[in-house]
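Chains Z and A, in that order, give the protein sequences.
Take the first sequence: its position 54, counting from 1, is numbered 54 in this note's numbering, and each next residue is one higher.
Take the second sequence: its position 43, counting from 1, is numbered 155 in this note's numbering, and each next residue is one higher.
First the structure, in the form of structure tokens, and then the observations on it.
Number of protein chains: 2
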Amino acid sequence: MADKADIDDITEKLRSEIRRGALVLAVLAQLRQEHYGYSLRKALADKGLEVEEGTLYPLIRRLEKQGLLTSEWREEARRRKRFYQLSDAGAQVLRQLQEDWLELDASLQQLV
Amino acid sequence: MADKADIDDITEKLRSEIRRGALVLAVLAQLRQEHYGYSLRKALADKGLEVEEGTLYPLIRRLEKQGLLTSEWREEARRRKRFYQLSDAGAQVLRQLQEDWLELDASLQQLV
């Protein structure tokens, strides 16, 4: 039998599984506009999606490595910052994932 | 640079990441009603969520092991079938995940 601590633990794992998938989609969608790390994190938070730096920054680097983002170092307000934006490949992937999300969401709306 | 095959590959990985999280939620929600494996798969498919047996059945067993489902062998139409249903712990987890999904969805609706 699962006790309270087990349930919390299981819930937490499942929550992060759900969030992980959605987060990729959110990051790609938000990066249709150019952002640097902090401004991306803020833009997502403004839409209700709070993400820790330790989750977001490795994800951005992974997406860039996969060719879905491009990046450029530039100076802004006297500080060098790395700006990220969706690449052409990223835009293709985003379109596909958006379709998937809408389908999943339609299914889940009937269930929850 | 990512070529076409790479992009397809990356898209596929991200799709299954997104689906994996949503699928847990869908299965728990559907199992507020009792189902055996095949009828569960059919109920999900009827709502637009096609899931392979090789994905669904291990997931059900995992959820049962975690205490989120109960199961019972019974005979139906002259065949013994294992019926699954949400446990009390599963109902708690489901409520939490539903809230999360609605929040995520609200955020993503603004983005996609």
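Positions of the beta carbon are idealized from the N, C-alpha and C atoms, including for glycine.
Please list the residues of the stretch 11 to 26 of chain Z that have a C-beta atom closer than 8 Å to any C-beta atom in chain A, keeping them in chain order. Of all residues in the stretch 11 to 26 of chain Z, Thr11, Leu14, Arg15, Glu17, Ile18, Arg19, Arg20, Gly21, Ala22, Val24, Leu25 and Ala26 have a Cβ within less than 8 Å of some Cβ in chain A.
If distances are taken between C-alpha atoms only, which option among Val24/Z, Glu76/Z and Asp9/Z comes closest to Ser39/Z? Check the Cα spacing between Ser39/Z and each of Val24/Z, Glu76/Z and Asp9/Z: the tightest is with Glu76/Z.
Using a Cβ cut-off of 7 Å, pull out every chain A residue sitting near Ala29/Z, in sequence order please. Within 7 Å Cβ-Cβ: Leu223 and Val224.
Euclidean distance between Cα positions of Glu103/Z and Val224/A: Rounded to the nearest angstrom, the two C-alpha atoms are 13 Å apart.
Measure from the alpha carbon of Ile10/Z to the alpha carbon of each residue in Ile172/A, Thr123/A and Gly179/A, then state which is nearest. Answer by Cα proximity: Gly179/A.
Sheet register partners of Thr167/A (DSSP bridge): According to DSSP, Thr167/A bridges with nothing at all.
With a Cβ-Cβ cutoff of 8 Å, do Leu49/Z and Ala26/Z count as a contact? The Cβ atoms of Leu49/Z and Ala26/Z sit closer than 8 Å to each other.
What do you reckon, is the C-beta of Leu209/A under 7 Å from a heavy atom of the ligand NAD? Within the structure as shown, the ligand NAD is missing, as the structure has no ligands at all.
Expressed to the nearest angstrom, what Euclidean distance is found between the alpha-carbon atoms of Gln197/A and Ala155/A? The C-alpha of Gln197/A lies about 14 Å from the C-alpha of Ala155/A.
Can you list, in chain order, the residues of its chain whose CB lies under 7 Å from that of Ser226/A, leaving out five sequence neighbours each side? Chain A is shown from 113 up to 224; residue 226/A falls before or after that span and cannot be answered.
With distances taken Cα to Cα, identify the nearest neighbour of Gln33/Z among Ala5/Z, Leu69/Z, Val24/Z and Trp101/Z. That would be Leu69/Z, whose Cα lies nearest to the Cα of Gln33/Z.
Residues in the stretch 57 to 68 of chain Z with C-beta within 8 Å of chain A's C-beta atoms, listed in sequence order? When CB distances to chain A are screened at a threshold of 8 Å, the residues of the stretch 57 to 68 of chain Z falling below it are Gln66, Gly67 and Leu68, in chain order.
Got a sec, what are the start and stop residues for the beta strand (DSSP E) Glu75/Z sits in? Residue range Leu69 to Glu76 is occupied by the beta strand (DSSP E) that includes Glu75/Z.
When DSSP labels each residue in this structure, what does Leu198/A get in the three-state scheme? Of the three classes helix, strand and coil, the one that applies to Leu198/A here is strand, per DSSP.
Please state if the CB of Ile130/A and the CB of Gly21/Z are separated by a distance shorter than 8 Å. Yes, they are a contact pair.
What's the gap between the Cα of Lys159/A and the Cα of Arg61/Z? Computed Cα separation, rounded: 36 Å.
Straight-line Cα distance separating Glu52/Z from Asp217/A: In a straight line, the C-alpha of Asp217/A is about 19 Å away from that of Glu52/Z.
Contact list for the stretch 97 to 108 of chain Z against chain A, Cβ threshold 7 Å: Going along the stretch 97 to 108 of chain Z in chain order, one finds Leu97, Gln98, Asp100, Trp101, Glu103, Leu104, Asp105, Ala106, Ser107 and Leu108 with a Cβ nearer than 7 Å to chain A.
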